[in-house]
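Protein chains in written order, with the working numbering: chain H, 10 to 256; chain C, 26 to 639; chain V, 11 to 412. For glycine and all other residues, C-beta sits at the position ideal for the given N, C-alpha and C. Report on the structure given below.
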Amino acid sequence: MSVLVAEGLRKRFGANEAVAGVSLAVEPGEMLALIGPNGAGKSTCFNMLGGQLRPDEGAVRLGGQDVTGMAPRHLAHLGVGRTFQITASFASMTVRENVQTALLAQKRQAWRFWQAADAQHVGLAEGLLARVGMASQAERPAGVLAYGDLKRLELAMALAGDPVLLLMDEPTAGMAPAERAALMALVRGIARDQGVAVLFTEHDMDVVFGQADRVLVLDRGRLIAQGTPEAVRADPRVRAVYLGTAA
Amino acid sequence: MDLIFLQLLTGLAGASTLFLVAAGLTVIFGVTRVVNFSHGSLYMLGAFIAWSLLSRLPREPDYFVLGVLGAAVATAVIGAVLEVVLLRRIYRAPELLQLLATFGVVLVVQDVALWVWGPVDLSLPRPRWLRGAVEIAGLRFPFYDLVLIVVGPAVLGGLLLLFHRTRWGLLVRAATQDRDMVAALGVDQRVLFTSVFALGAGLAGLGGALALPQGSANLNMDLSVIAEAFVVVVVGGMGSLGGAFLAALLIGVLQAFGIALVPKITLVLVFLVMAAVLVVRPHGLLGKPQAMARGEVEALAPIRPAGPALQVLGLVALLAAILAPFVAGPYLLSVLTEAAVAVLFAASLHVMMGPGGMASFGHAAWFGVGAYAAAFAAKGLGAGMAVGLLLAPFAAGALALLVGAFVVRMSGVYLAMLTLAFAQIAWAVAFQWVEVTGGDNGVLGVWPDGWAADKPTMYWLALLLCVGGALVLRRALFAPFGFALRATRDSALRAEAIGLDAHRLRLAAFVLAGAGAGLSGAVFAYAKGSVFPTYMAIPHSVDALVTVLLGGVQTMAGPVVGAVTFTVLQSWLLMGDFWRIKLGLLIIALVLAFPTGIAGAASAVWDRWRGRAA
Amino acid sequence: MPVSRRTLLAAGAATVAAPGLLRAQSTSAPIRIGEINSYTAIPAFTLPYRMGWQLAVEQVNAAGGVLGRKLEVISHDDAGKPQDAVRLAGALLDETKVDVLAGGFLSNVGLAMSDVAKQRKRLFVASEPLTDALVWEQGHRYCYRLRPSTYMQVAMMVDDAVKLGAKRWVTVSPNYEYGQSLVKWFKLLMQQRQPGIEFVAEQWPALGRIDAGATVAALAQARPDAIFNGTFGPDLTNFVRQGNTRGLFEKRGVVSVLTGEPEYLEPLGDETPEGWIVTGWPVESVTDASNAGFIAAYRAKFGEMPKMGSVVGHATITAIAAGIAKSGSVDTEAMADGFKGAKFPTPFGEAYWRAQDNQGTLGTYVGRTAVKGGKGVMVDWRYADGASAMPTDEEVRKLRPV
Ligand SMILES: Nc1ncnc2c1ncn2[C@@H]1O[C@H](COP(=O)(O)OP(=O)(O)O)[C@@H](O)[C@H]1O
Ligand SMILES: [Mg+2]
């Protein structure tokens, strides 16, 4: 059964229909890439799937359960991990504390008023950081991290909840090409090993075609093509609107 | 019908006056983001300067106009000096710090004005034309009020032209939207800010000068207008001139009709309006959500638990505090008792302001509720001190839960102003519900039980409850709750995405802050033996803000250092003359020297020293 | 500028110089009066008040002091906050070791200090606070109050108010205890004296923030025959100006408390409405020996005319001095009893501490307002002795529980 199913999602901002009827499904262990030019509506799709935006129309189902319009914090507890196009982390905490906070939140231990938080889940947090290659930076303040490291931190925080689904909006933006491939290879490994479904957007076509199992192409709010990387790469419509080469 | 028309005109005149006061404030805020507490002082200076000019000029209308404009220009110059000498140096600091600096200016101006113009209210003899009335629907309406009705919209029109038809105005509006872009355009931001501040100050001076013929220039003008000016600005939407005008109209007209229908509403009317508007429109009538303000990013410096050295220092200080009664005289002991109370009062505000990211302008409300709860336990229930001390945090916390539901949805200055509105409503209830609260005469005889009646015991009790309470709060801030709370402040988006309920966490912080302040209020009530509405009045809320900012928002030791420093300073200065100018200058000096607060500066020095040693 | 910079500075310097660290209580050591008032919050009244008590201290000491000891006043500013007054009262009792506490302008500050006095069993002489509670509901043996209370101020004016023969009254008074209590007494006393009288509207402007236009319009709407006013200071100036222009006071009787006091009359200037019935002090036209002597001495020392505050400040000291002299000691219990009935000179003539409720019988002047030479003055005035404006002993017994 698909981990995530979206049907006929629509979102309007004033007169602008940012997403105009998108349906998709992600399978366990699958790496699904959502690509499209800037302004195509990718982030809006992510925000509807992740609960940040409520769709005007359409439905979202997670493991068969209708979660349309459900708040992000509830989705988080249902196993949806997220990274954002513009990174969002806790600048006043160290890298390790960021992950510890995510662990505390996911384990529903945030409402504890007495024991010292930085002694909780230390090993787990360090393990997660090691997985994303951030172990050496654990004690640095998150506020001073380089952009690429912030992306890694976000991934570690998303993984803290043992997600069944990862929603990653431009997870490698701001990274060097070599780093990008490495990070996405890591994500791919996680998807395979743990059966996590991954939906991601990416501008680097090498990464997309190298790591994705399947690709969806979005243009002006509509899906115009989908299929294996090879099939999509060959699709003339895709080449026209997205890759910029005339058919 | 005619009467209604006349009341409407009266309301319009009132609205014009309000708008003139608020216009400068909103202009200054829009561009520089400075919450200028000294705006009322500039207004007062405008009135005094106008008096000095006009009482020397011939009494013809053209000279009147000249004198009023002269006062406005003089106030603008004062504003420019203020900006260059003081505010310019702290634009990089967290924005609330400027509020603190301008509060210092308020104190200084009060003593300077007393010095220059003397204590007696100065009224301008009105020439015949200023006294005149026009007959409207068979009733007399002051000619000067008609003038004001015209001046308000005229000033609005002039400002709109200035902002929309000149290059300077274009730059100012650009700076309002994106200050970095203006810098990128190669415009000297400093000149822009100085000129905007001067314009705002000039408008305040104009307002004061125009108010002069209606009454007198007096030393209470500053504080009597500042709260209402803020209300108008916030109701209108901060930075929005049109909004301020609409808000002034709304309030002016409601006031004119309101006091005819419910005469006793005078104390709270404007705050009721503000609370109602903000609950429905969290950014005022025409305001937009604020972009993240300058300084907030710096405010997110990491918070570290105390290192071993600091812990030792803290223990030594605590030990000294515990042993104090063996050496301190009764007066010093009562100052120390107040300092202990101030520690919890400030620590509780710090919970919401620091890790919670919610500054409050009305924190005294919870202090007052706690104090009245204690008074009620003592006098109404005839119960012992334990009951009062237990009741207080619950009463304050419960009320904070109710109010917080509205407040925590908001952010920034709007949030702060909504807390102010609720605090003023609470204050007015205490002030006016004479049968229960004793009105402004307060509740007397709230003395501690016999066993705690002597000064040292009461002091130890205050120390136990207040410093203990502050330590409990501190513990919660380093517990998962505190991390989760800071998470919601640092990034609400991320906090929600990892499964945190930002709204409930903020609400919990608000309730915790309220309960802590309530307990401190109850201890204060027993230590002083009496409870008054002044406990929840604006100046007391300002005290809390000053304390936290002085100590440093972003350190856990900040509120403690601030509370002790401020209490001791204030009680010491109050014993001498001209304490306002001394305290004001001291606050300004501290702000300039330690923009991150005393504890913040100390920890920076400590880090550097250790860095060198290592 | 009625109070010059120089006098302010002199007054300030004197208070700075006053606190000594002497703890010895030998018989030659001065008698210490710890004084607290709202110097920064209410400067228009309290700065002349300070000059008044400074003059009195000088005069008492020049005449040999009290019980052979000099008087010394240690003065502090309460910033208008009762909680600060409480702390300062503690400082004065514990650190400065004063013999008597005195002062207060605001009623709540007075009550707070009185409560400290009660708790600590030390004497407190309230100078200005007008609330009735100070000597009645909250009264106790350690608290004395000098000035005529709100009840007395109203009682002094009721005769003249009744003579107006007005049927429809409106009231305007600041929205706090002082203003509320004025209106309460005025209504009560008028209804006793003039049955059938109606109060058709009331206005309660916030202190210092009157919306004068709307207030005047609302009062005019009620079409009253007469007006009772309790506003003072900046509020009064605004109210009078709007009222004058809108014709509110024309052909209407007005009874107005405190308006005849120089500090409040002066800002009204040539717009002082004529014929209002007011309490105050006709400083320009009093000629009797004690008034004239006081005014002359004051002008000689400070170079300006005294205000009502000056009189209160002066009388506070002479009243305390007389009380101590009669008690023969500065022992609190001796003074708490000894003050009762003690006679003291004031600029308005002799007064005494009424034994039953510790209220001073210092009176005030009742008269009509007028304009002379572009200034507001009081005419047709008479001195209303405090002793004759108090309720009977029997009534007081009901009002004062202790
Ligand atoms: N909050 C918003 N309000 C108004 N318009 C928006 C908002 N978010 C996105 N849009 C618009 O929706 C369209 C799609 O944006 P987005 O989903 O961010 O695209 P992508 O992520 O593919 O670059 C764009 O035209 C964008 O301007
Ligand atoms: Mg995007």
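Got a sec: is the Cβ-Cβ distance from residue i to anything in chain C below 7 Å?
{"i": "residue 81 of chain H", "result": "yes"}
{"i": "residue 193 of chain H", "result": "no"}
{"i": "residue 143 of chain H", "result": "no"}
{"i": "residue 166 of chain H", "result": "yes"}
{"i": "residue 147 of chain H", "result": "no"}
{"i": "residue 191 of chain V", "result": "no"}
{"i": "residue 27 of chain H", "result": "no"}
{"i": "residue 182 of chain H", "result": "no"}
{"i": "residue 284 of chain V", "result": "no"}
{"i": "residue 91 of chain H", "result": "yes"}
Is residue i near ligand 2 - that is, is its Cβ less than 6 Å away from at least one heavy atom of it?
{"i": "residue 51 of chain H", "result": "yes"}
Below 8 Å on C-beta distance, what does residue i contact in chain C?
{"i": "residue 118 of chain H", "result": "505"}
{"i": "residue 106 of chain H", "result": "508"}
{"i": "residue 129 of chain H", "result": "505"}
{"i": "residue 254 of chain V", "result": "156"}
{"i": "residue 86 of chain V", "result": "599, 600"}
{"i": "residue 121 of chain V", "result": "466, 467, 469, 555"}
Can we count residue i as close to ligand 1, meaning its CB is less than 6 Å from some heavy atom?
{"i": "residue 42 of chain H", "result": "no"}
{"i": "residue 30 of chain C", "result": "no"}
{"i": "residue 27 of chain H", "result": "yes"}
{"i": "residue 48 of chain H", "result": "yes"}
{"i": "residue 506 of chain C", "result": "no"}
{"i": "residue 22 of chain H", "result": "yes"}
Counting only Cβ pairs nearer than 7 Å, list the residues of chain H close to residue i.
{"i": "residue 525 of chain C", "result": "82, 114, 119"}
Taking 6 Å as the line, does the beta carbon of residue i fall inside it for any heavy atom of ligand 3?
{"i": "residue 94 of chain H", "result": "With respect to ligand 3, the structure offers nothing, as its ligand set consists of ligand 1 and ligand 2."}
Would residue i pass as an interface residue toward chain V - the criterion being a Cβ-Cβ separation below 7 Å?
{"i": "residue 320 of chain C", "result": "Any reading at residue 320 of chain C needs caution, since the residue's pLDDT is 38, under 50, leaving its predicted position unreliable; the model's value is listed next. Judged by the 7 Å Cβ criterion, residue 320 of chain C is not in contact with chain V."}
{"i": "residue 284 of chain C", "result": "yes"}
{"i": "residue 404 of chain C", "result": "no"}
{"i": "residue 53 of chain C", "result": "no"}
{"i": "residue 35 of chain C", "result": "yes"}
Could you tell me which of the options sits nearest to residue i, measuring between CA atoms?
{"i": "residue 392 of chain C", "options": "C:550, C:384, C:237, C:347", "result": "C:550"}
{"i": "residue 218 of chain H", "options": "H:172, H:37, H:237", "result": "H:237"}
{"i": "residue 365 of chain C", "options": "C:591, C:97, C:272, C:146", "result": "C:591"}
{"i": "residue 222 of chain H", "options": "H:229, H:213, H:212, H:235", "result": "H:235"}
{"i": "residue 243 of chain V", "options": "C:147, C:122, C:81", "result": "C:147"}
{"i": "residue 148 of chain V", "options": "C:469, C:561, C:490, C:529", "result": "C:469"}
{"i": "residue 371 of chain C", "options": "C:615, C:308, C:565, C:312", "result": "C:565"}
Anything in chain C within Cβ reach of residue i, meaning under 7 Å, just list it in chain order.
{"i": "residue 91 of chain V", "result": "559"}
{"i": "residue 248 of chain V", "result": "239, 240"}
{"i": "residue 380 of chain V", "result": "In chain order: nothing, as chain C lies at least about 17 Å away."}
{"i": "residue 218 of chain H", "result": "The contacting residues do not exist; residue 218 of chain H stays about 28 Å from chain C at best."}
Listing by chain order, which chain H residues have their CB less than 8 Å from the CB of residue i?
{"i": "residue 516 of chain C", "result": "97, 98, 99, 100"}
Please compile the residues from chain C whose C-beta is within a distance smaller than 9 Å of the C-beta of residue i.
{"i": "residue 65 of chain V", "result": "Those within 9 Å of residue 65 of chain V in chain C number zero; the least Cβ separation is about 17 Å."}
Beta-carbon of residue i versus every beta-carbon of chain H: anything under 7 Å?
{"i": "residue 165 of chain C", "result": "no"}
{"i": "residue 323 of chain C", "result": "At residue 323 of chain C the pLDDT is 43, less than 50, meaning the model places this residue with poor confidence and gives no usable figure here."}
{"i": "residue 47 of chain C", "result": "no"}
{"i": "residue 317 of chain C", "result": "Residue confidence for residue 317 of chain C is low, a pLDDT of 45 falling below 50, so the modelled location carries little weight; the figure read from the coordinates is stated next. False, the Cβ-Cβ gap to chain H never drops below 7 Å."}
{"i": "residue 363 of chain C", "result": "no"}
Can you pull the chain V residues whose beta carbon is under 8 Å from the beta carbon of residue i, in chain order?
{"i": "residue 289 of chain C", "result": "185, 214"}
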